[in-house]
């Protein structure tokens, strides 16, 4: 079993929900990322979603877009982010790591080279925001060759046909975007999201994670009631824009503890 499958099976047996944390690789400095990941795992994160810095992050709101700018300004590129996973794996062989980013840097490196390096570094899944399943066949073949999960997005606007298409092709987990907007938006309608998640889960056994707009214990708990995983990004990234890295790490870790405690109340 893959790390993702193992982790979700373990959590299901314990009747617990996964907490997935998004961290921008190299924000605000490359040396911050790996120690931050270890601290977040220790505080209760189940799956890491590592952002690949990109200059035109179209799905991201200002918090994560600015994090990408800081990471790029600090000299972090896609290969550096992969090496951060390799460094992380020296002390953690169990926590799944999913890369989240955009297609352009992957195409520049080349599908085969990118995936082979990702596998060597210990990556478990890849989510490319601007690569729809209809255009993902070539990458999908290579990812299957290296046993890396390809994760796709579904949204409030996804049709029944689109949902079926994605569940037929996705692996690892399905990422449900809980609102019509960008990351960090504050317009989450938990009741509507819950209905959509239940609809997706009715046609697949693949775990469903929900992200975008989740920033506190209440929203995490509401979504944890219906989803298999709660995905949080901007709430962890935001402190790095406002305070020194040491303080930002502390705030991010405290946020993990807050969300973990809320999700564990669902047990």
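Residue numbers (the numbering used here): 1209 to 1475. Cβ coordinates follow ideal geometry from the N, Cα and C atoms, glycine included.
- Around the CB of residue 1264, fewer than 16 other CB atoms lie within 10 Å, so the residue is classed as exposed.
- With contacts defined as CB atoms closer than 8 Å, residue 1305 and residue 1296 qualify as a contacting pair.
- Taken through DSSP and simplified to helix, strand or coil, residue 1256 comes out as strand.
- Counting only the Cα atoms, residue 1221 lies some 17 Å from residue 1468.
- Residue 1356 holds the alpha-carbon nearest to the alpha-carbon of residue 1332 among 1214, 1413 and 1356.
- DSSP places residue 1417 inside the beta strand (DSSP E), whose first and last residues are 1416-1419.
- For residue 1384, the enclosing beta strand (DSSP E) starts and ends at 1382-1385.
- Remark: C-beta atoms of residue 1446 and residue 1271 approach each other more closely than 8 Å.
- By the Cβ neighbour-count rule, residue 1432 is buried, with 16 or more other Cβ atoms within 10 Å of its own.
- Residue pairing by DSSP places residue 1226 opposite 1437 in a beta bridge.
- In the DSSP assignment, residue 1334 falls within the beta strand (DSSP E) that extends over 1333-1336.
- DSSP places residue 1308 inside the beta strand (DSSP E), whose first and last residues are 1305-1309.
- Rounded to the nearest angstrom, the gap between the Cα atoms of residue 1266 and residue 1418 is 19 Å.
- Under the three-state reduction of DSSP output, residue 1240 falls in the helix class.
- Under the three-pair Cβ rule at 8 Å, the region 1399-1414 does not count as touching the region 1324-1339.
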